[in-house]
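Below you'll find the structure, written out as structure tokens, and then a few comments.
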Amino acid sequence: MAAETSMKSSPELDFGSPYYMDREFYFGFDPVPVILSLEEDNYVHWKIRFQTFLRIVNKLGFVDGTLEKPDQSSPLYKLWEQNDSRVTCWLLNSMSEKVQMRLYSAETARDLWERTKQIFVPNLDLKIYQVRRKIAKLRQGGDSVATYYRKLSDAWMDLSEYDPAPECACGGCKCEIKKRAREAREKEELFAFLMGLNKSLSFMSAILMFKKPPPPLHEAYFMVEQAESDLKRSR
């Protein structure tokens, strides 16, 4: 009973606490299988993976600002410092050396997180324009439907990060702004996918657009991929 009480009173032993110290996730641990690089356009992919990992280990508050730094006189300060250093190490371990060199002066995990964003997204409007332009220019070309779909999906994932669908902030209203915005974005995704298909698969656009309502993008993809396979077998 005393041991149970001690665990509940010790944040580093409480699995539900952001100060929980799991020995499996040591300082040199590589949290995500993605290395953030200046040479690759993988910031959004890296960020989403890292946020997911931090949610799992209950440490997202160290980078998103929701967990405030305790006063130095607080009994939690030492634990906060240890955990913040651990998250900082995880972040640096998932970055290329060139990215690391630009961030070593960051004082906290939160500071490191925000500086990383400034490096890869120095101008949000410009980034949105670049991603939308990339989507508008994407064509299947010599790619398989699967490869083309993956490239397009990656671009839409980037856009969702930089320019998310609007949400209603009035509280308790029934205008369904979020739902309508999401449906409008899904239509955009479907139209872009169909318009970029090769001529040999253009007949699928008419078939899919005559469906009421048109299918979601992932269903359209599977149908087009099946049509591609049928065409290959018939040759």
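Its first residue numbered 1, the sequence shown is counted upward by one per residue in UniProt numbering.
In this text, a Cβ means the ideal position worked out from N, Cα and C, and glycines have one as well.
Asked                                                                                                 : Found
Residue burial classification, Ala155 (beta-carbon count within 10 angstroms, cutoff 16)              : buried
Member of Ala106, Glu167 and Glu189 whose CA lies at the smallest distance from the CA of residue 236 : The chain is shown from 1 up to 235; residue 236 falls before or after that span and cannot be answered.
Nearest neighbour of residue 237, chosen from Leu36, Ser229, Glu186 and Arg150 [CA to CA]             : Shown here, the chain extends from 1 to 235; a query on residue 237 therefore has no answer.
Helix, strand or coil at residue 298 [DSSP, three-state]                                              : Lying before the first or after the last residue shown, residue 298 is absent from the chain, which here runs from 1 to 235.
Phe53 vs Pro33 beta-carbon contact at 8 Å                                                             : no
Opening and closing residue of the alpha helix (DSSP H) in which Val131 lies                          : Leu124 to Lys137
Local conformation of Leu60 per DSSP, three classes                                                   : coil
Whole-angstrom distance between Glu161 and Val44, CA atom to CA atom                                  : 7 Å
Best match in Val131, Lys137 and Glu107 for proximity to Val63 [C-alpha to C-alpha]                   : Glu107
CB-CB length for Met204 against Val224, believed under 8 Å                                            : 5 Å
Simplified DSSP assignment, three categories, for Leu159                                              : helix
Met95 - partner residues in DSSP beta bridges                                                         : Leu36
Contact under 8 Å by Cβ, Leu38 with Gln51                                                             : no
Cβ-Cβ distance between Leu103 and Tyr19 below 8 Å                                                     : no
Exposure of Glu189, with buried meaning 16 or more beta-carbon neighbours within 10 Å                 : buried
The stretch 139-153 / the stretch 216-231 touching (three or more Cβ pairs under 8 Å)                 : yes
As assigned by DSSP and simplified to three states, the class of Gln72                                : coil
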